[in-house]
Amino acid sequence: MCLAVPGKVVAIDDSADPLTGLVDFGGVQKQACLEYVPDVRVGEYVIVHVGFALQRLDEESALASLQLFEELGLLEEEFGDAWEQAAKEAGTT
Amino acid sequence: MKYLDEFNDPDLARRLLDEIRATATRPWALMEVCGGQTHSIIRHGIDQLLPEQVELIHGPGCPVCVTPLEVIDKALEIASRPEVIFCSFGDMLRVPGTGRDLFRVKGEGGDVRVVYSPLDALELARRHPDREVVFFAIGFETTAPANAMAVHQARRLGLGNFSLLVSHVRVPPAVEAIMTAPQCRVQGFLAAGHVCSVMGTAEYPELTERFKVPMVVTGFEPLDILEGIRRAVRQLERGEHKVENAYPRAVREEGNPAAVRMIEEVFEVTDRNWRGIGRIPASGWRLSDAFRAYDAEHRFDVTGIRTEEPAECRSGEVLQGLIRPTECAAFGTTCTPRTPLGATMVSSEGACAAYYLYRRMNAPTPQAGRAAREEMNPVA
Ligand code: SF4
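Protein chains in written order, with this note's numbering: chain A, 1 to 93; chain B, 1001 to 1380.
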């Protein structure tokens, strides 16, 4: 649960409160709370922990991290079965 | 150097290692604070790639590992109640309390659910107005903004059936406790990058001054860790002790002010017990008076539960960097990720589990590592 993963903001829902957006983590897309990075724009990268964007990142370093995470199987670990299972159990899918 | 090819840039890794080797003229002991860094260090064999003079001591920075036994027992008590939906990060399910864990409570009919984000728990509270939804709010400064937002939203939405069992911990008082312990060998710190993404670095100059230790804000990828070590060793060799940011892509000096404001609105500083270490003054957060109504400990009247920790587990010494996991007699014999005696064996960020997964099983490839991790996945 300590992992914070970089992802690209692909959509922002301005009407959501708290501010919410769709973030792409190397192909896996998840909703994340953007309230702590309120001026982020679509196309920018953020670092996400337990569903919250905590900081913005530059594209180059975000992509490098994502590639490494994918090679190491960390994305699957973070967003794989446990997530599906979690979402299913929580009834929020 | 069998692990080097796993780095995303093996050449840069080699250069960093060469520089560390060239810089270190005498023995230095560094502590990495965060469990995510411990995991990465053991997984990539960074401690084995380093020159002999540079020793890494694994710190207490895994929130799952330091959550005290009595809080786990409170969680088990609350999760057993028929009216409760108990929500937790997956890592907590198999942390042993007294005699059982949350996974077992679920097996016995308790409604225990794994969530990815505290907002998922909030959503459950909205959908099940007839149930009490309790979220197990553990974590360091990195997780606090998320948990603070959940309870802030609960109040705004008038969700009276939502509450938090809070066991939040803070890094700076833990650093102070480590440095003032009589057996302390730590000479420099790799500070946890994502904690600083939230809090910034304002709390650290006081610590570097007082204890004359360098603190280098460090990321989690193998190259980040090597760079953090390189800078810490360079400071030590020069006789310096300052705060340095080796992870500027995710850390600004001021941190994330909006997140800090939310933490300060919802939480207040309190003393906290750390599993295996004991009470550390001002080392945690609890809900502030304005949000006390959302405190599950009061709502379910479990404040009286007190538990002593078992003697055979040496995780306290592991968490303070006094022994390595492999020096514990139970390691890999009576204590494994399947049958953990202590919390440091449960979470993959705990030092004991990291050693078990990547050292004992010698599984440097992602595939083998994944197979080993499946052993730890409680929901699969
Ligand atoms: S190996 Fe097990 S018993 Fe020994 S310190 Fe680690 S968690 Fe405790």
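Quick reminder that beta carbons are idealized off the backbone N, C-alpha and C, glycines included.
Candidates the options: which alpha carbon is nearest residue i's?
i: residue 1205/B; options: 1036/B, 1220/B, 1189/B; result: 1189/B
i: residue 1065/B; options: 1196/B, 1315/B, 1304/B, 1272/B; result: 1315/B
i: residue 1038/B; options: 1359/B, 1349/B, 1014/B; result: 1349/B
i: residue 39/A; options: 1334/B, 1258/B, 1234/B, 1184/B; result: 1258/B
i: residue 50/A; options: 44/A, 58/A, 60/A, 23/A; result: 23/A
i: residue 1214/B; options: 1036/B, 1010/B, 1234/B, 1164/B; result: 1234/B
i: residue 1051/B; options: 1018/B, 1009/B, 1317/B; result: 1018/B
i: residue 1320/B; options: 1330/B, 1176/B, 1211/B, 1243/B; result: 1176/B
i: residue 1298/B; options: 1073/B, 1097/B, 1164/B; result: 1164/B
i: residue 1240/B; options: 1199/B, 1187/B, 1246/B; result: 1187/B
i: residue 1211/B; options: 1196/B, 1035/B, 1194/B, 1185/B; result: 1185/B
i: residue 1260/B; options: 36/A, 21/A, 19/A, 3/A; result: 36/A
i: residue 1047/B; options: 1280/B, 1230/B, 1334/B, 1075/B; result: 1230/B
i: residue 1269/B; options: 1173/B, 1232/B, 1077/B, 1094/B; result: 1173/B
i: residue 1195/B; options: 1354/B, 1155/B, 1034/B, 1338/B; result: 1034/B
i: residue 1219/B; options: 1107/B, 1123/B, 1192/B; result: 1192/B
i: residue 1275/B; options: 1339/B, 1070/B, 1151/B; result: 1070/B
i: residue 1072/B; options: 1339/B, 1273/B, 1222/B; result: 1273/B
Taking DSSP as the reference, what is the three-state secondary structure of residue i?
i: residue 1019/B; result: helix
i: residue 1207/B; result: helix
i: residue 1326/B; result: helix
i: residue 1320/B; result: coil
i: residue 1358/B; result: helix
i: residue 1173/B; result: helix
i: residue 1062/B; result: coil
i: residue 1053/B; result: coil
i: residue 45/A; result: strand
i: residue 16/A; result: coil
i: residue 1113/B; result: strand
i: residue 1048/B; result: helix
i: residue 1091/B; result: helix
i: residue 1297/B; result: helix
Alpha carbon to alpha carbon, how far is residue j from residue i? Give it in angstroms, no decimals.
i: residue 1082/B; j: residue 1125/B; result: 15 Å
i: residue 1377/B; j: residue 1201/B; result: Summary for residue 1377/B: the model assigns pLDDT 47, below 50, so the residue's position carries little reliability, and this model does not support an answer.
i: residue 1117/B; j: residue 1292/B; result: 21 Å
i: residue 1251/B; j: residue 1142/B; result: 12 Å
i: residue 1325/B; j: residue 1058/B; result: 10 Å
i: residue 1087/B; j: residue 1134/B; result: 6 Å
i: residue 11/A; j: residue 32/A; result: 10 Å
i: residue 1013/B; j: residue 1224/B; result: 10 Å
i: residue 1101/B; j: residue 1343/B; result: 11 Å
i: residue 1356/B; j: residue 15/A; result: 47 Å
i: residue 1127/B; j: residue 1145/B; result: 23 Å
i: residue 1031/B; j: residue 42/A; result: 38 Å
i: residue 1025/B; j: residue 1247/B; result: 25 Å
i: residue 6/A; j: residue 1153/B; result: 25 Å
i: residue 1296/B; j: residue 1090/B; result: 19 Å
i: residue 1084/B; j: residue 1021/B; result: 55 Å
i: residue 1010/B; j: residue 1040/B; result: 16 Å
i: residue 1312/B; j: residue 1115/B; result: 32 Å
i: residue 1093/B; j: residue 1056/B; result: 29 Å
i: residue 17/A; j: residue 8/A; result: 20 Å
i: residue 1347/B; j: residue 1043/B; result: 14 Å
i: residue 1105/B; j: residue 1309/B; result: 20 Å
i: residue 1120/B; j: residue 1169/B; result: 22 Å
i: residue 1305/B; j: residue 1281/B; result: 20 Å
i: residue 1236/B; j: residue 1158/B; result: 53 Å
i: residue 19/A; j: residue 1262/B; result: 14 Å
i: residue 1328/B; j: residue 1045/B; result: 20 Å
i: residue 1238/B; j: residue 1207/B; result: 18 Å
Assuming residue i and residue j are in contact, meaning their beta carbons sit under 8 Å apart, how far apart are those beta carbons, in whole angstroms?
i: residue 1079/B; j: residue 1110/B; result: 5 Å
i: residue 1148/B; j: residue 1054/B; result: In fact, because the Cβ distance is near 38 Å, the residues do not count as touching under 8 Å.
i: residue 1203/B; j: residue 1161/B; result: Between residue 1161/B and residue 1203/B the Cβ distance is about 36 Å, and since that is not below 8 Å, they are no contact.
i: residue 1286/B; j: residue 1166/B; result: 5 Å
i: residue 1271/B; j: residue 1283/B; result: 7 Å
i: residue 57/A; j: residue 1249/B; result: 6 Å
i: residue 1351/B; j: residue 1318/B; result: 5 Å
i: residue 1139/B; j: residue 1068/B; result: With a Cβ gap of about 14 Å, residue 1139/B and residue 1068/B do not count as contacting.
i: residue 1136/B; j: residue 1075/B; result: 6 Å
i: residue 1217/B; j: residue 1256/B; result: At roughly 14 Å, the Cβ-Cβ gap does not stay under 8 Å, so residue 1217/B and residue 1256/B are not in contact.
i: residue 3/A; j: residue 1036/B; result: 6 Å
Using a Cβ-Cβ cut-off of less than 9 Å, list which residues of the stretch 41–54 of chain A approach chain B; keep chain order.
47, 49, 50, 51, 52, 54
Please identify, using Cβ separations under 7 Å, the residues of the stretch 3–28 of chain A that lie next to chain B, in order along the chain.
3, 4, 18
According to a CB-to-CB cut-off of less than 8 Å, which residues of the stretch 1239–1273 of chain B neighbour chain A?
1249, 1250, 1251, 1252, 1256, 1258, 1259, 1262
What are the residues in the stretch 1196–1221 of chain B lying within 8 Å of chain A by C-beta distance?
1197, 1198, 1220, 1221
Going along the chain, which residues of the stretch 1141–1156 of chain B sit with their C-beta nearer than 8 Å to a C-beta in chain A?
1142, 1143, 1145, 1146, 1149, 1153
What residues from the stretch 1111–1139 of chain B come within 8 Å of chain A, judged by C-beta to C-beta, listed N to C?
1113, 1114, 1115, 1116, 1117, 1118, 1119, 1120, 1121, 1123, 1124, 1127, 1139
Mind listing which residues of the stretch 1175–1198 of chain B have their C-beta closer than 7 Å to chain A's C-betas, in chain order?
1194, 1197, 1198
What residues in the stretch 1014–1037 of chain B bring their beta carbon closer than 8 Å to a beta carbon of chain A?
1034, 1035, 1036
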